[in-house]
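So the structure is just underneath, and the comments pick up after that.
Residue numbers (the numbering used here): 4 to 146.
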């Protein structure tokens with residue numbers, strides 16, 4: 004459950020970062036980007052709950068402790084102040100998440116097919132998010 008709690012911490016941090024970017028992007032007057040951030044935040048929240056529920060099913064304790072989230076997370080909250088940096092931070096975080104989930108899938112392998120399938124579903128979403136952030140970065144750079 005330690006590995007899954009690390010993934011849980013990363014998802015919590017991603018939800019917070021995307022929500023921050025969603026609100027900040029509205030202030031920058033890029034409603035389509037804010038909508039993308041909102042969509043990703045909702046997806047990351049779904050991942051967060053899936054992982055927390057799986058930890059519970061495995062007899063573990065899903066660790067939502069805010070005091071230790073950043074040290075357990077594979078990604079960072081970030082410090083972006085402009086739209087391009089927000090998209091870059093999210094792209095980097097998504098690429099890290101993709102690698103983390105690939106490693107977790109290998110680790111769980113055939114030993115826990117239920118957890119592996121859940122992680123594969125999350126990985127598919129994270130790969131899609133990374134592609135969307137990459138496309139968005141290209142659009143933002145044109146402005």
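Using N, Cα and C, we set each Cβ at its ideal position, and we do this for glycine too.
Asked: Apply the 10 Å Cβ neighbour rule to residue 144 and answer buried if 16 or more other Cβ atoms are within range, or exposed otherwise.; Found: exposed
Asked: Given a cut-off of 7 Å on the beta-carbon distance, is the pair residue 79 and residue 132 in contact?; Found: no
Asked: Return helix, strand or coil for residue 40, following the three-state DSSP convention.; Found: helix
Asked: What does the alpha-carbon distance come out to for the pair residue 99 and residue 77?; Found: 7 Å
Asked: Comparing C-alpha positions only, which one of 83, 82, 66, 81 sits nearest to residue 75?; Found: 66
Asked: Below 7 Å between beta carbons: does that hold for residue 90 and residue 139?; Found: yes
Asked: For a cutoff of 7 Å on Cβ pairs, would you count residue 35 as touching chain C?; Found: The chain inventory of the structure shown lacks chain C, comprising one protein chain alone.
Asked: For residue 50, which residues in the same chain have their Cβ closer than 6 Å to its Cβ, ignoring the five residues on either side in sequence?; Found: 14, 125
Asked: Considering only C-alpha positions, which residue in the set 43, 8, 70, 42 is nearest to residue 57?; Found: 8
Asked: Which residues in the same chain have their Cβ closer than 6 Å to the Cβ of residue 93, if we skip the five residues on either side of it in sequence?; Found: 136
Asked: Compute the beta-carbon to beta-carbon distance between residue 6 and residue 107, rounded to the nearest angstrom, for a pair I have assumed lies under 8 Å.; Found: 6 Å
Asked: Buried or exposed: where does residue 118 fall if 16 or more other Cβ atoms within 10 Å of its Cβ makes it buried?; Found: buried
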